[in-house]
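Residue numbers (the numbering used here): 12 to 111. Notes follow the structure.
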Amino acid sequence: MGIGNVYKAGLLFLRGINPWLPVGEVADVAALVSLAQRLLEANKERFGMITTGVARRGEQTWVYGRAGRPCRRCSTPVKSADQGRNPEERITYWCPRCQS
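Listed below in structure tokens is the structure:
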């Protein structure tokens, strides 16, 4: 079991990491893990998952579920694609500009 797709998308966005970058090439894994811990802690008593810090409907995520819509940071259209092999394949969302 992993961290979940919503958190994965938000964490990688916040750290500017391309979702296809191999884990072994991530510059600061410790910082990514620390951010994940803080994000999970912030959401543990909420209904739903918020990665932006904004609970208003439609504003809870940075890139997750926003394919084709403007990036909240740079306005570039958010992309989505399947990632992984069956049966673990999941859809991935990312900003091609912010996460290059």
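The C-beta atom is built at its ideal place from N, Cα and C for all residues, glycine as well.
In the structure shown, the three-state DSSP call for residue 53 is helix. Using a 10 angstroms sphere on the CB of residue 31, the tally of other CB atoms stays under 16, which defines it as exposed.
In summary, residue 35 is exposed, with fewer than 16 beta-carbon neighbours lying within 10 Å of its beta-carbon over all protein chains present. Annotation: the continuous alpha helix (DSSP H) that includes residue 18 extends over 16 to 26. The three-state secondary structure of residue 91, taken from DSSP, is strand.
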